[in-house]
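Working notes for the structure below.
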Amino acid sequence: MTKPETANSANNGKGELLTERSPQYARAVRVIFYASTSNKPYDISIEDQMIIMAEYSSNQKGWVAAGKVIDSQGGRTLRKRPALRQIEQAMRDGQVDVVLATEPSRLSRRHSDLAELIGLAERYGVEVWTTTIGRITNMMAVALQMVAGLGLDDRRSRTVRRHEAMNKDGRHIGRPPYGYDVDRAAGQNGILKICLEEARIVSRIYHSYLAGPSLSAIVKELNEICVPSPRGGKWNVTMLSEDGICGVLHDMTYTGLVICGMYETFEDATTGACMRVLKPRAEWKIAKGRHEPIVAAEVFDAVQKCHAGERTAA
381 MTKPETANSA NNGKGELLTE RSPQYARAVR VIFYASTSNK PYDISIEDQM
431 IIMAEYSSNQ KGWVAAGKVI DSQGGRTLRK RPALRQIEQA MRDGQVDVVL
481 ATEPSRLSRR HSDLAELIGL AERYGVEVWT TTIGRITNMM AVALQMVAGL
531 GLDDRRSRTV RRHEAMNKDG RHIGRPPYGY DVDRAAGQNG ILKICLEEAR
581 IVSRIYHSYL AGPSLSAIVK ELNEICVPSP RGGKWNVTML SEDGICGVLH
631 DMTYTGLVIC GMYETFEDAT TGACMRVLKP RAEWKIAKGR HEPIVAAEVF
681 DAVQKCHAGE RTAA
């Protein structure tokens, strides 16, 4: 945490300098200014945030600047924000009475983290304020969290409906799989066209697997003849990687179908990381695509049976 230019001091609004030895300072409300950067376009600068907070603070009775904290690193969770950890330590040490930011999202865009921060502040007798809405209490943070949750549910519902509409229209959702490109000339998102060079590799992988070689042998062969993987590197076996041939062998897109709703996406409450869980197949939305197949349906089915047999034997 860095101190303002008048370290350990403040102005009483009458042009008189207050220091920690001044009687007035002991009765003052010590304020830490918190500013953070953002990747949003046209975001206000750190300097502008400081100016806004200084002006707001000067209009509050008894408030004096006790320090400033600048968060230029960010982080998905409260525990990964070094700047907020500095503020927490200042609370523990009794060095602050008010934490001031320009708006709640500066402290955290995750309302659960905001509620945690305010709960921590209240434990140490510290208030959290913003220049936009004033003091934020724990109850207000919970209310903001509930409103944000409703908005998030609404956005998720709209996204699901949009994806289902694209699926019914035969359009692919997301990045095209290896072997396809997006058909820009079609004038709509999600319409695929075959990339001939990659499509030949996809067909080769399927027919090689049915001919008997193991997955590892196919991967070794592709890497030996320097066939680039989907990400331009080396091929591997796993289905969890974009460069894995297992993913190629199980992708129904190659048979001319489009699929949505395969995964449930959620945020881990502890780490803040985005997690994906594969849904039961009965919940998938499968429709005929508007693209040409690379692999015949009977070849795809034969590969699935062969792979299922290997797993059973194993």
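Just so we're aligned: the sequence shown equals residues 381 to 694 in my numbering. Backbone N, C-alpha and C fix where the C-beta goes; we use that ideal spot for every residue, glycine too. Keep in mind it's a predicted model, so treat the numbers as computed, not measured.
| Item | Value |
| --- | --- |
| Would you be able to state if there are at least three C-beta pairs under 8 Å between the stretch 625 to 645 and the stretch 500 to 515? | no |
| I believe Val-409 touches Val-478 by the beta-carbon criterion, under 8 Å. Please report the beta-carbon distance rounded to the nearest angstrom. | 6 Å |
| In whole angstroms, what is the alpha-carbon distance linking Ile-467 and Met-526? | 26 Å |
| Quick check on DSSP: helix, strand or coil for Cys-606? | coil |
| May I ask which residues mark the beginning and end of the beta strand (DSSP E) holding Ile-639? | 637 to 640 |
| Please classify Met-519 as buried or exposed, where buried requires at least 16 other C-beta atoms within 10 Å of its C-beta. | exposed |
| Leaving out five residues before and five after Gly-550 in sequence, what residues of the same chain have Cβ atoms less than 7 Å from its Cβ? | Val-638, Ala-667, Lys-668, Gly-669, Arg-670 |
| Go through its chain and collect everything with a Cβ distance to Asp-563's Cβ below 7 Å, but skip five positions before and after it. | Ile-571, Leu-572, Lys-573 |
| By DSSP's criteria, Tyr-414 is part of a beta bridge. Which residues make up the other side? | Val-449 |
| Suppose the cutoff is 7 Å on Cβ atoms and the five residues either side in sequence are ignored; what does the same chain contact list for Ser-596 look like? | Val-617 |
| Can you check the stretch 505 to 572 for any alpha helix (DSSP H) of at least 4 residues that lies completely inside it and give the ranges in chain order? | 518 to 548 |
| So, for Val-540: in the same chain, excluding its five sequence neighbours on each side, which residues have a beta-carbon less than 8 Å away from its beta-carbon? | Gly-641 |
| CA-CA distance, Asp-534 and Ile-426? | 32 Å |
| Please identify the residue among Ser-488, Gly-447, Thr-510, Asp-493 whose C-alpha is closest to the C-alpha of Tyr-436. | Thr-510 |
| Per the DSSP calculation, Tyr-586 is bridged to which residue(s)? | DSSP output for Tyr-586 lists no bridge partner at all. |
| Quick check on the DSSP output: the beta strand (DSSP E) that includes Val-695 runs from which residue to which? | Because the chain spans 381 through 694 in this model, residue 695 falls outside it and cannot be assessed. |
| Along the chain, where does the alpha helix (DSSP H) that runs through Ala-463 open and close? | 462 to 472 |
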